[in-house]
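Structure first, commentary second.
Number of protein chains: 2
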Amino acid sequence: MEDNFRIGIVGGKGKMGSFFAKFFREKGYEVLIKDVDLGPSYEELCKTSKVILLSVPLDGFPQVVSELSPYVREENWVFDICSLKLDPVRIMRRYLKKGEVLATHPLFGPYEKSLKDRIIAYYPVRGKGIKAWFIELFSSAGAKLVYVPPREHDRMMGLIQVMNHFFLVLFGNILAGSKLDLKRIVDLSTPSFEGILQVLRRLAWQDENLYARIQLDNPFGRQFRRLFLRECKRLIKALDYSEDPEQIFKEKFIKAKLIAKELDRLLPRED
Amino acid sequence: MEDNFRIGIVGGKGKMGSFFAKFFREKGYEVLIKDVDLGPSYEELCKTSKVILLSVPLDGFPQVVSELSPYVREENWVFDICSLKLDPVRIMRRYLKKGEVLATHPLFGPYEKSLKDRIIAYYPVRGKGIKAWFIELFSSAGAKLVYVPPREHDRMMGLIQVMNHFFLVLFGNILAGSKLDLKRIVDLSTPSFEGILQVLRRLAWQDENLYARIQLDNPFGRQFRRLFLRECKRLIKALDYSEDPEQIFKEKFIKAKLIAKELDRLLPRED
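In order, the protein sequence lines correspond to chains A and B.
Mapping of the first sequence onto this note's numbering: position 180 corresponds to residue 187, and the numbering continues sequentially without gaps.
Mapping of the second sequence onto this note's numbering: position 88 corresponds to residue 95, and the numbering continues sequentially without gaps.
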């Protein structure tokens, strides 16, 4: 490894920051942690680190980038891990006039045991060095690197994160509000329903601040929520207020089944 | 095994009927198959079989039970595997005046590779022999037998089947209707979203007729669909039309997170 190839992590005390600090240290890198009232100044960070990782909440991102920006030098490499990409890329383009810049979104939380098969979306904003280094480093750790332009990224996350979280919170609230005993529900689950409960279970380790920002800041979020509500109303109308509920339900079921068959080809085998 | 301890399966050519025929044969039982225009008469079936398994669609169930009923003798044991229990138990009580009767609902489809850890809900309608035999046989094959009275059963299935299938069909239709590429969606999935896709994938092997009946015949189905819609509207109102969407979303997220934490204690570990 090059001399002075240190990694400076802004937000290094947070959950994702700690995850990456651990990862980089295990790979033999020296890591500098900066966080609120802790660690070096931005100036010092940029001088003593080659790579700057921006691991800060979405709502604090613009301020951090603008405060950091005067000290970023040509030889610095900067990457972010924000859950959205349109706005963060715009902000990095606006403020960071020097150095190489990479936008990334690790599609997993800080509680994953390994990077094996975990997906990281990336988009090179400027420079080839950081991109090559990042891809090589994380690929060799088992992650899957997927190139995604910012607009496509945010739109896909409207489905993959916004709509998914929306459903999970909705579903969790139905369970919380129902008079049904959760132990009994688990005891009487089908394999399908247990699969849904296993996904809901993952919320136990998730952060409400991050989930609120993802839900509210994704530029396509509202659109996907409305799509969800519209389809929900249509299905209820078909089942409870139509002339031939059985026929319409079967048509909709078969549509979903075709998607299921496509998924059966695309998804990795379970177990 | 007793002499003449044959199992007669009404609907033995169907998917679940075939699943059970295979199971019983592997356990060393002789199996008689009866299906539409196939196999012995009800009279002969009742004479030559000890146990009668009713494996017929919900909408054909009343007719089958009433046609079978005159031939059921004191020494016969009858059990059904309907996805609902209130109506089927009522029908069996009304028509079957002789013999022992057990209501069951295997909470899995005919494509499961083994009975290990699969759940079977049961409710003894009359007699102790069939119940003891059934529990012993299926427990020793690895299944979990859960006693559930009919009303509780149908209510639980309003959540576990009706609401779950409703969501999966809704979600499949959103994917089918969106312009997003499914391969790309899979490539950019989070572990959470991949979990949902894995559940949706299971629809590929499911039967639209059964799913339509479960959706439409469950006496608590409409109630659960309306609950789903109501919670969906509430959440959208909070996120898109309230003064403080972040605060309300966080409250709802934390409610769901508490359920997730309870699930973390109740559910078996994944992997």
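Positions of the beta carbon are idealized from the N, C-alpha and C atoms, including for glycine.
Please read these numbers as outputs of a predicted model, since none were measured by experiment.
query = Quick one, which of Arg220(A), Glu74(A), Lys34(A) and Glu82(A) has its alpha-carbon nearest threonine 55(A)'s?
reply = It is Glu82(A) whose Cα lies nearest to the Cα of threonine 55(A).
task = Quick one: list the residues of chain B neighbouring aspartate 161(A), beta-carbon separation under 8 Å, in chain order.
result = Neighbours of aspartate 161(A) in chain B, taken as residues whose beta carbon is under 8 Å from its own, are absent, since the nearest beta carbon is some 11 Å off.
query = Under 8 Å between the Cβ atoms of alanine 128(B) and leucine 144(B)?
reply = Against a cut-off of 8 Å, the Cβ pair of leucine 144(B) and alanine 128(B) comes out as no contact.
inquiry  = Out of Lys29(A), Leu45(A) and Ile261(A), which one is the CA nearest neighbour of glutamate 215(B)?
reply    = If we check each option's Cα against that of glutamate 215(B), Ile261(A) comes out closest.
ask   = Are the segment 200-212 of chain B and the segment 260-276 of chain A touching by the rule of at least three beta carbon pairs closer than 8 Å?
value = Taking 8 Å as the limit for Cβ pairs, the verdict is that the segment 260-276 of chain A does touch the segment 200-212 of chain B.
query = Are the Cβ atoms of tryptophan 212(A) and glycine 106(A) separated by less than 8 Å?
reply = Contact: no.
query = Cβ of alanine 139(A) less than 8 Å from any chain B Cβ?
reply = No, its Cβ sits nowhere closer than 8 Å to a Cβ of chain B.
request  = Closer than 8 Å by C-beta to glycine 149(A): which residues in its own chain qualify, once you throw out the five before and the five after it? Chain order, please.
outcome  = Taken in chain order, the residues that qualify are Ser121, Leu122, Lys123, Asp124 and Arg125.
Minimum C-alpha distance to aspartate 66(B) - residue among Pro47(B), Cys89(B), Gly46(B) and Trp84(B) = Out of Pro47(B), Cys89(B), Gly46(B) and Trp84(B), Cys89(B) has the C-alpha closest to the C-alpha of aspartate 66(B).
query = Does DSSP put lysine 105(A) in a helix, in a strand, or in coil?
reply = Under the three-state reduction of DSSP, lysine 105(A) is assigned to coil, being neither helix nor strand.
task = At 7 Å on the CB atoms, spell out the chain A contacts of tyrosine 218(B), in chain order.
result = The contacting residues are Phe260.
ask   = What are the boundary residues of the beta strand (DSSP E) that includes phenylalanine 86(A)?
value = Annotation: the continuous beta strand (DSSP E) that includes phenylalanine 86(A) extends over 84-87.
Top-ranked residue by Cα proximity to glutamate 238(B), from Ile221(B), Lys259(B), Glu253(B) and Glu250(B) = Among Ile221(B), Lys259(B), Glu253(B) and Glu250(B), the Cα nearest to that of glutamate 238(B) belongs to Lys259(B).
Bridge-paired residues (DSSP) for isoleucine 59(B) = According to DSSP, isoleucine 59(B) shares a beta bridge with Gly15(B) and Val85(B).
Simplified DSSP state of arginine 133(A), which is helix, strand or coil = The three-state secondary structure of arginine 133(A), taken from DSSP, is strand.
ask   = Which residues share a DSSP beta bridge with tyrosine 154(A)?
value = The partner list for tyrosine 154(A) (beta bridge, DSSP) reads Tyr129(A).
ask   = In chain order, what residues of the same chain lie with their CB nearer than 6 Å to the CB of arginine 133(B), ignoring the 5 residues before and after it?
value = These residues qualify, in order along the chain: Glu107 and Val108.
Contact set between threonine 111(B) and chain A, taken where Cβ atoms lie within less than 8 Å = Scanning chain A for C-beta atoms nearer than 8 Å to the C-beta of threonine 111(B) yields nothing, as the closest lies near 13 Å away.
query = Residues of chain A with a CB under 9 Å from the CB of proline 156(B): which are they?
reply = By Cβ distance, chain A contributes nothing, its closest Cβ being about 12 Å from proline 156(B), past 9 Å.
request  = Report yes or no: is there a C-beta of chain A within less than 8 Å of the C-beta of glutamate 253(B)?
outcome  = Contact with chain A is found for glutamate 253(B), since one of that chain's Cβ atoms lies less than 8 Å from the residue's Cβ.
request  = For phenylalanine 27(A), I'd like the list of residues in its chain whose CB is within less than 7 Å of its CB, leaving aside the five on either flank, ordered along the chain.
outcome  = Ile16, Leu60 and Ser62, listed in sequence order.
request  = Show which residues of chain B have a CB atom less than 8 Å away from the CB atom of phenylalanine 115(A).
outcome  = Within chain B, the residues near phenylalanine 115(A) are Thr197 and Pro198.
ask   = Which stretch, first to last residue, makes up the alpha helix (DSSP H) that contains isoleucine 255(B)?
value = Run containing isoleucine 255(B): 252-273, per the alpha helix (DSSP H) assignment.
First and last residue of the uninterrupted beta strand (DSSP E) at lysine 186(A) = It is not in any beta strand (DSSP E) - lysine 186(A) carries neither H nor E in the DSSP assignment.
query = In the structure shown, what three-state DSSP assignment does lysine 123(B) receive?
reply = Residue state, collapsed to three classes: coil.
ask   = Interface residues of chain A around alanine 211(B) at Cβ under 7 Å?
value = Chain A residues near alanine 211(B): Lys264, Ala267, Lys268 and Asp271.
task = Would you kindly work out how many angstroms separate the C-alpha atoms of lysine 57(A) and leucine 210(B), rounded to a whole number?
result = So the two alpha carbons sit approximately 50 Å from each other.
ask   = Would you report the Cα separation of arginine 13(B) and arginine 101(B), rounded to the nearest angstrom?
value = In this structure, the straight-line span from the alpha carbon of arginine 13(B) to that of arginine 101(B) is close to 25 Å.
ask   = Which residues in the same chain as glutamate 201(B) place their Cβ atom closer than 8 Å to its Cβ, once the five residues preceding and following it in sequence are excluded?
value = Annotation for glutamate 201(B): Val193 place their beta carbon closer than 8 Å to its own, counting only its chain and skipping 5 residues before and after.
message = So for aspartate 42(B), helix, strand or coil by DSSP?
response = Correct three-state label for aspartate 42(B): strand.
ask   = Out of curiosity, what's the CA-to-CA distance linking glycine 21(B) and histidine 172(B)?
value = Each residue's alpha carbon lies about 21 Å from the other.
ask   = Is it true that the segment 156-164 of chain A meets the segment 242-250 of chain B, where meeting means three or more beta-carbon pairs spaced less than 8 Å apart?
value = Not touching, per the Cβ criterion.
message = Can you confirm whether isoleucine 126(B), when its beta carbon is compared against all beta carbons of chain A, has any partner nearer than 8 Å?
response = At a cut-off of 8 Å, the C-beta of isoleucine 126(B) has a neighbouring C-beta in chain A.
query = Once you ignore the five residues that flank isoleucine 142(A) on each side, which residues in its own chain have a CB closer than 8 Å to its CB?
reply = Answer for isoleucine 142(A): Tyr129 and Leu152, listed in chain order.
ask   = Per DSSP, which one or two residues make a beta bridge with histidine 112(B)?
value = BP columns for histidine 112(B) point to Ala128(B).
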